[in-house]
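Using the UniProt record's numbering, count along the sequence shown one by one with no gaps and you end on 235.
Heads up: the structure comes next, in structure tokens.
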Amino acid sequence: MATVQASTFGLRNVKMLQGLSQERLEILAARFAWRTVEPGQVIVARNSHDRDVHFVVSGHVRVTSFSAGGKQVTFRDEEPGEMFGDLAAIDGAPRSADVLALDSVLVASLSPEDFRALIAAEELVRERVLQRLAGLVRQLSERVIELSTLGVQNRIHAELLRLARASGATGTQARIDPAPKHADMASQVSTYREQVTRELSLLTKQGLLAKDGNALVLLDVPKLERMVEEVRSAA
1 MATVQASTFG LRNVKMLQGL SQERLEILAA RFAWRTVEPG QVIVARNSHD RDVHFVVSGH
61 VRVTSFSAGG KQVTFRDEEP GEMFGDLAAI DGAPRSADVL ALDSVLVASL SPEDFRALIA
121 AEELVRERVL QRLAGLVRQL SERVIELSTL GVQNRIHAEL LRLARASGAT GTQARIDPAP
181 KHADMASQVS TYREQVTREL SLLTKQGLLA KDGNALVLLD VPKLERMVEE VRSAA
């Protein structure tokens with residue numbers, strides 16, 4: 001990891017801080033620790049006792065966890081402008097997950113004391129933190145329900161729909177670009193890469209999925225939604 005100079009320009013792209021005055025951003029920029037992280041490096045290690053809150057200025061990170069046997073379970077990916085590590089800063093408990101750099105990442109880190117002072121002083125930031133925490137609870141609740149009620153096949157379908165929504169798709173077709181790696185999808189739905197490969201091949205044969213260059217195209221989003229909902233309703 002390499003340290004870099006503070007930058008209010010970088011902080012303007014952080015969603016939690018948007019709307020703060022230039023003066024406030026300049027004060028904050030000096031409080032952050034700035035560094036670049038190379039692809040594949042661990043930014044936060046599960047069960048570690050550091051408490052800093054990290055803001056992704058550029059690059060992408062993956063919030064994940066590994067079992068004792070080495071199986072990876074991915075919770076979510078964070079893009080530029082997002083943050084992670086706030087749970088440990090709030091409750092003081094050890095880290096609940098690993099966070100890995102997916103590409104070259106510029107991260108700005110804030111001590112737990114400065115983070116709590118920030119949310120105490122800035123109502124706008126405090127409201128966004130509360131909304132983020134509520135969103136995480138809803139996301140994890142949905143994951144628990146899926147793991148408890150859906151088979152592997154339907155969990156893969158649900159993950160494709162989630163990726164389609166994240167791409168901004170609203171019609172009967174959706175383009176996921178770039179196509180997710182099969183191993184990454186497997187870690188998202190708690191299965192194996194081979195199972196993902198088999199299911200995507202089956203969806204292609206059924207005319208529900210197609211490959212277009214580096215992208216995946218869902219050809220009938222409503223039908224895939226019905227397939228997932230039918231299983232959920234029967235559970």
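Glycine included, C-beta positions come from ideal geometry on N, C-alpha and C.
Check your understanding: Can you give the Cα-Cα distance for residue 88 and residue 132, rounded to whole angstroms?
Key -> 14 Å
**Study point:** Nearest-angstrom beta carbon gap, residue 173 and residue 110 [assumed within contact, 8 Å]
**Key:** Not really, about 42 Å apart at Cβ, beyond 8 Å.
Exercise for review: Look at the alpha carbon of residue 10 and the alpha carbon of residue 224, and state the distance between them as a whole number of angstroms.
Suggested key: 40 Å
Point to revise | Delimiting residues of the alpha helix (DSSP H) encompassing residue 55 | key: That residue, residue 55, is in no alpha helix (DSSP H); its beta strand (DSSP E) goes 53-58.
Review point. Between the segment 80-98 and the segment 55-64, are three or more C-beta pairs nearer than 8 Å?
Key: yes
Review point. If we count Cβ pairs, one from each stretch, closer than 8 Å, do we get three or more for the segment 100-109 versus the segment 26-44?
Key: yes
Check your understanding: Rounded to whole angstroms, how far is the Cβ of residue 97 from the Cβ of residue 75, which I believe are closer than 8 Å?
Key -> 6 Å
Practice item. Report yes if the C-beta distance between residue 8 and residue 29 is below 9 Å; otherwise report no. Key: yes
Review point. Which residue comes first and which comes last in the alpha helix (DSSP H) that contains residue 193?
Key: 193-205
**Study point:** Contact set for residue 183: own chain, Cβ-Cβ below 7 Å, skip 5 residues either direction
**Key:** 193
Check your understanding: In angstroms, rounded to a whole number, what distance separates the CA positions of residue 140 and residue 134?
Key -> 10 Å
Review point. Assuming residue 125 contacts residue 118 under a Cβ cut-off of 8 Å, what Cβ separation, rounded to an integer in Å, is found between them?
Key: 6 Å
Point to revise | alpha helix (DSSP H) runs wholly inside the segment 69-140, at least 4 long, in chain order | key: 86-91 and 112-121
Check your understanding: Would you report the Cα separation of residue 129 and residue 166, rounded to the nearest angstrom?
Key -> 21 Å
Check your understanding: Once you ignore the five residues that flank residue 48 on each side, which residues in its own chain have a CB closer than 8 Å to its CB?
Key -> 94 and 95
Review point. Cβ of residue 161 within 9 Å of Cβ of residue 221?
Key: yes
Exercise for review: For residue 177, count neighbouring C-beta atoms within 10 Å of its own C-beta (all shown protein chains included) and say buried if the count is 16 or more, exposed if not.
Suggested key: exposed
Point to revise | Beta-carbon spacing of residue 179, residue 205 below 9 Å | key: no
Review point. Excluding the five sequence neighbours on either side, which residues of its own chain have a C-beta within less than 7 Å of the C-beta of residue 37, listed in chain order?
Key: 1, 43, 101, 105 and 107
**Study point:** Coarse secondary structure for residue 14, derived from DSSP in three states
**Key:** coil
Review point. Would you report the Cα separation of residue 20 and residue 26, rounded to the nearest angstrom?
Key: 10 Å
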